[in-house]
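Residue numbers (the working numbering): 2 to 219.
C-beta atoms are modelled at their ideal positions from N, C-alpha and C, and glycine is treated no differently.
For clarity, every value in this text was computed on a predicted model and none was experimentally measured.
Working notes, structure below.
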């Protein structure tokens, strides 16, 4: 890990990073050993992606024990639509890779940032040439898409822009990987879009009871 990190610094031409991500857990290595190795790296912060909440907490506890900065950010797959239980969206290869109620609640309780990868379904919200993946095909998402379309019509924005605005309204930071300049411009317009409290509530309430809020902030 140290050698890989040193190589990254060299290729980037820098001597320190703001935020270092651990992209996937490795059960063959105790999390305590990983935390101890991270403690000596020139990184201001460390976040974890595709880790269960219990393992994140164990790593944070060990970091506090040895006087090292604890993990303070989670990176998981999250978007407005929800996958069917027991399924993983395309591109998610880890069973803890989709933001769950437990992970969101843990992050809110402990003040961890939540970052979302693949928030726009690789363009499927707005690109007619791309189908929304089958894992999102269920009645709950029929209701969510109807709510999304209603808010999209009210704002005059694109579906994906409303999704970005909704994620930010829940305190979730979307991570984007556009390949064209117009995609970047559209995404920046989306993060600038401000939804009204009523619009956020209608998007939230589309397919759930009041207590079942997987992305809720406390």
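Ranked by how close their Cα comes to the Cα of residue 160, the residues 149, 168, 62, 19 have 149 in first place.
Excluding its 5 nearest sequence neighbours in each direction, residue 98 has C-beta neighbours in its own chain below 7 Å: 51, 77, 78, 89, listed in chain order. For residue 145, DSSP records no beta bridge to any residue.
Measuring C-alpha to C-alpha distances from residue 56 to each of 71, 42, 44, 45 identifies 71 as the nearest. Look at residue 32 here: in three-state DSSP terms it is helix.
Between the alpha carbons of residue 201 and residue 111 lies a distance of about 24 Å. Within the same chain, 159, 160, 161 come within 7 Å of residue 127 by CB-CB distance, once the 5 residues on both sides are set aside.
Less than 8 Å separates the beta-carbon of residue 164 from that of residue 121. In the structure shown, the three-state DSSP call for residue 37 is helix.
Sorting 137, 66, 173 by C-alpha distance to the C-alpha of residue 116 places 173 at the top. The beta carbon of residue 25 lies closer than 7 Å to those of 50, 51, 95 in the same chain, with the five residues before and after it left out. Assignment of residue 118 by DSSP, reduced to helix, strand and coil, places it in the strand class.
Residue 205 sits in a helix when the DSSP states are folded into three classes. For residue 40, the closest of 27, 207, 69 by C-alpha to C-alpha distance is 69.
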